[in-house]
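Protein chains in written order, with the UniProt record's numbering: chain A, 1 to 308; chain B, 1 to 431. Notes to accompany the following structure.
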């Protein structure tokens, strides 16, 4: 009898819980689930943006993307460009934001740490388009970055080709992205670091642990959930990068070295009207992101349950 | 039973009459809202805002909502809107982006009666021969030209003199001279260019680059792609020599030449643009416009050209969305007529905005002749043809742009770049 009553209360609570999640589920269904299904169906067609009719062509778009050049802007090149950008941005961003967070946490005066947090976070608030436009000016041969490069390299009148050389162009987009999002991930790490109880550090000091030893043996293991969160978020964000590359190409740079998948989706679908083919690219990107997220969860499984 | 049958018949008749009215001619006072999407042009905006106000006084039931975007953004906006079935009442785009709407049946044939013509032939007869053939499709005309534009070379005389050149004598007549003159004008701090002689309008390759290829005997064909490898490689080699891998006279990542030209800041001597630039110089820098320190010279040719071809001309045509109700379509044509065919308007578009609407009356009239350097543009028109607007025009332009950047910025051998380009163009055409 007692058991029945408990079950009834749980059921009652579950009903309310379900009711509260309905708006979120609806939002997800309309704005995430429906577009994914719709994109998948479109990817099986030869739909053109302005033609009234289209046909189902099965997996032809997928076969085309892996065998043809897509008018000179192949999916294979886009996978390469996205891979270079993601590896070049995601790993340094996670490492440097962690180092910055630890350094900021070391500051004794709260005012100082707040000032640094604000300074690092500010670029994240700026629109990506505005940020890319500003950096385009800075990367011009007559721009500040080239002058700074000449100053550092003790040269004069040298064009470091920030926008014209393939590798320098890739580095330029990485710098813009790194500058824009480093503060955001630093703040996430600061939040993670703040949640580690100070008593653990106090015990470590009593035991005579050095700072370096404390970082490796206490901070890093206890920060694993935050590291996983930040690395997944950073990687997904890098895989979805668009505005920086788009603005650079609009500014006249070559497209191939920085033709990331999202930009190829945009040009194929919006500019060249091939909605079926661009939807197939979107689905491929979705599968890649799903795979890497799953992989990260899988490799970090078991380390998640951190107890203080 | 009988009563029920009579009632049913009455209902059917009532409904029929209601729907029949919906499809009939619109009532004069029926409220109509026109969505008009166009590209940004400050001088034209002033003129057309005035026309719209005048039109609204003549048609108090009409509301006109205008959306202005950059040319690049507008193309994408219109395409996306049509894809979702939400296009504007009427719009304009360059013909190489617009023709596909005619082919796909998304724009309506001209309403000849509203426009004041008997039929398509009567409308065509109003314009210079062949000038609006691009919008004549399956016996109907699908758009009226807001502008038909060709590009010649604008030149800053002060910069020429500063480089020790006489603008009247030393202006470049050939591409080889363009390179030599630019080498004399260019100023660099080490490798860094601080003043350019001339630079191209990159990303408009169908307009400026195809004529260069044609001068050398090549062409772009809807059937065979990039015809005559030798000519294409020669033109690509010229571009390579122009860029940072060659003589370092300019490149696509630098600020667009025509944007710098109006400022008269001693950083560019020549740019490639249309008659409309005159109105923009006046608007941006009246002192420079009035100084007489600029001039317009013809589009150059290669020394060993086998064909005398000037830069292609392109058109922006006002077109009406075929998906809109008939009343809205008719009113859109009415407004287009007011914009373009009202007496004196073509002359205002020309004198205040620098846009050429190629009617016989305008092109043979005194207003066109009085426009500064109109003769240069007229002669270049005679040497040119309309831009390629056939299958895959946008994609082919991107592919050519990519080939040019490969040779200019990435140091690719022009022959290798051509082979890749031809493969890509054939793939686009076969797709």
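A virtual CB, placed ideally from N, CA and C, is assigned to each residue, including glycine.
Any beta-carbon of chain B closer than 8 Å to the one on residue i?
i: residue 2 of chain A; result: Residue placement at residue 2 of chain A is poorly supported in this model, since its pLDDT is 49, which falls under 50; the coordinates still yield a value, given next. No, because no Cβ of chain B sits closer than 8 Å to the Cβ of residue 2 of chain A.
i: residue 261 of chain A; result: no
i: residue 237 of chain A; result: no
i: residue 159 of chain A; result: yes
i: residue 69 of chain A; result: yes
i: residue 222 of chain A; result: no
i: residue 49 of chain A; result: yes
i: residue 59 of chain A; result: no
i: residue 156 of chain A; result: yes
i: residue 253 of chain A; result: yes
i: residue 164 of chain A; result: yes
i: residue 52 of chain A; result: yes
Answer with yes or no whether the minimum CB distance from residue i to chain A is below 8 Å.
i: residue 191 of chain B; result: yes
i: residue 399 of chain B; result: yes
i: residue 101 of chain B; result: yes
i: residue 428 of chain B; result: yes
i: residue 105 of chain B; result: yes
i: residue 371 of chain B; result: no
i: residue 22 of chain B; result: Its pLDDT being 39, under 50, residue 22 of chain B is placed unreliably by the model, and the measurement read from it follows with that caveat. Not one chain A Cβ lies under 8 Å of residue 22 of chain B.
i: residue 298 of chain B; result: no
i: residue 163 of chain B; result: no
i: residue 303 of chain B; result: no
i: residue 67 of chain B; result: no
i: residue 247 of chain B; result: no
i: residue 273 of chain B; result: no
i: residue 240 of chain B; result: no
Counting only the same chain and skipping the five closest in sequence on each side, list residues whose C-beta sits under 7 Å from that of residue i.
i: residue 132 of chain A; result: 176, 243, 244, 247 and 248
i: residue 413 of chain B; result: none
i: residue 40 of chain B; result: 68, 69 and 70
i: residue 50 of chain A; result: 273
i: residue 42 of chain B; result: 283
i: residue 75 of chain B; result: 93 and 97
Does the beta-carbon distance from residue i to residue j come in below 8 Å?
i: residue 114 of chain B; j: residue 334 of chain B; result: yes
i: residue 293 of chain B; j: residue 158 of chain B; result: yes
i: residue 404 of chain B; j: residue 425 of chain B; result: no
i: residue 272 of chain B; j: residue 153 of chain B; result: yes
i: residue 268 of chain B; j: residue 275 of chain B; result: no
i: residue 267 of chain A; j: residue 183 of chain A; result: no
i: residue 239 of chain A; j: residue 86 of chain A; result: yes
i: residue 110 of chain B; j: residue 389 of chain B; result: no
i: residue 162 of chain A; j: residue 139 of chain A; result: yes
i: residue 81 of chain B; j: residue 236 of chain B; result: no
i: residue 211 of chain B; j: residue 415 of chain B; result: no
i: residue 89 of chain A; j: residue 28 of chain A; result: no
Cβ of residue i less than 8 Å from any chain C Cβ?
i: residue 208 of chain B; result: Protein chains in the displayed structure are A and B, and chain C is not among them.
For residue i, count neighbouring C-beta atoms within 10 Å of its own C-beta (all shown protein chains included) and say buried if the count is 16 or more, exposed if not.
i: residue 145 of chain B; result: buried
i: residue 263 of chain A; result: buried
i: residue 257 of chain A; result: buried
i: residue 212 of chain A; result: exposed
i: residue 153 of chain A; result: exposed
i: residue 166 of chain B; result: exposed
i: residue 66 of chain A; result: exposed
i: residue 281 of chain A; result: buried
i: residue 131 of chain B; result: buried
i: residue 129 of chain A; result: exposed
i: residue 364 of chain B; result: exposed
i: residue 287 of chain A; result: exposed
i: residue 129 of chain B; result: exposed
Within a Cβ cutoff of 6 Å, which residues of the same chain sit near residue i, ignoring the five residues on either side of it in sequence?
i: residue 45 of chain A; result: 54, 56 and 276
i: residue 387 of chain B; result: 96, 206, 207, 312 and 314
i: residue 117 of chain B; result: 123
i: residue 14 of chain A; result: none
i: residue 295 of chain B; result: 155
Skipping 5 residues on each side, what residues in its chain have a beta carbon closer than 8 Å to that of residue i?
i: residue 262 of chain B; result: 277, 280, 281, 284, 285 and 288
i: residue 46 of chain B; result: 352
i: residue 194 of chain B; result: 187, 188 and 267
i: residue 375 of chain B; result: 369
Discussion item. Using a Cβ-Cβ cutoff of 8 Å, what residues of the region 266-283 of chain A are near chain B? List them in chain order.
Written reply: Hits within the stretch, in order: 267, 270, 271, 272, 273 and 275.
Discussion item. By the 8 Å beta-carbon criterion, what residues does the region 125-146 of chain A contribute toward chain B?
Written reply: 140, 141, 142 and 146
Item to complete: With 9 Å as the limit, tell me which residues of the region 401-413 of chain B have their beta carbon closer than that to any beta carbon of chain A; keep them in chain order.
Response: 401, 402, 403, 405, 406, 408, 409 and 410
Practice prompt. Give, in chain order, every residue of the region 166-179 of chain A whose Cβ lies closer than 8 Å to some Cβ of chain B.
Written response: The region 166-179 of chain A vs chain B, Cβ under 8 Å: 166.
Worksheet item: the region 77-88 of chain B: which residues have C-beta closer than 8 Å to a C-beta of chain A, in chain order?
Response: 79, 80, 82 and 83
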